[in-house]
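Let me begin by presenting the structure, written as structure tokens, before commenting on it.
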Amino acid sequence: MLLWLELFVGGAMLPTLSGLMISSTQKNTRKIGSSVSEFVKSLLGYIPSPILYGLINHLSGGSSSRWGMIIVMGWTLLIILFLGVAYCY
113 MLLWLELFVG GAMLPTLSGL MISSTQKNTR KIGSSVSEFV KSLLGYIPSP
163 ILYGLINHLS GGSSSRWGMI IVMGWTLLII LFLGVAYCY
């Protein structure tokens with residue numbers, strides 16, 4: 113249930129936060145900003161997750177270990193922290 117909730121809330125936040133970031137750029141640089149945003153999102157968000165999951169599971173006990181999923185899902189806490197810091201500034 114919590115996995116579904118995390119995916120649902122993450123899917124709801126992604127377009128909103130992407131729109132906020134792109135709207136904060138100048139009009140003539142929005143195309144480049146959107147491209148760089150998607151590149152960084154893929155590079156730092158989507159690509160490392162399976163690698164990190166496999167590495168942590170391998171180091172912590174193999175296929176029976178749950179630490180890989182716990183760490184990968186725990187990145188959400190960092191996102192909440194960074195959003196809070198951004199809101200304060």
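Numbered according to the numbering used here, the sequence shown terminates at residue 201, and the numbering increases by one at each position without gaps.
We put the CB at the ideal spot given by N, CA and C, even for glycine.
- Taking every protein chain shown into account, the CB of Asn140 has fewer than 16 other CB atoms within 10 angstroms, so this residue is exposed.
- Collapsing the DSSP output to three states places Gly173 in coil.
- The Cβ atoms of Gly180 and Ile191 do not sit closer than 9 Å to each other.
- Between the C-alpha atoms of Ser154 and Ser147 there is a straight-line separation of about 11 Å.
- Met133 and Phe194 have their C-alpha atoms some 14 Å from each other.
- Between Leu164 and Ile183, the beta carbon gap of about 7 Å places them in contact (Cβ cut-off 8 Å).
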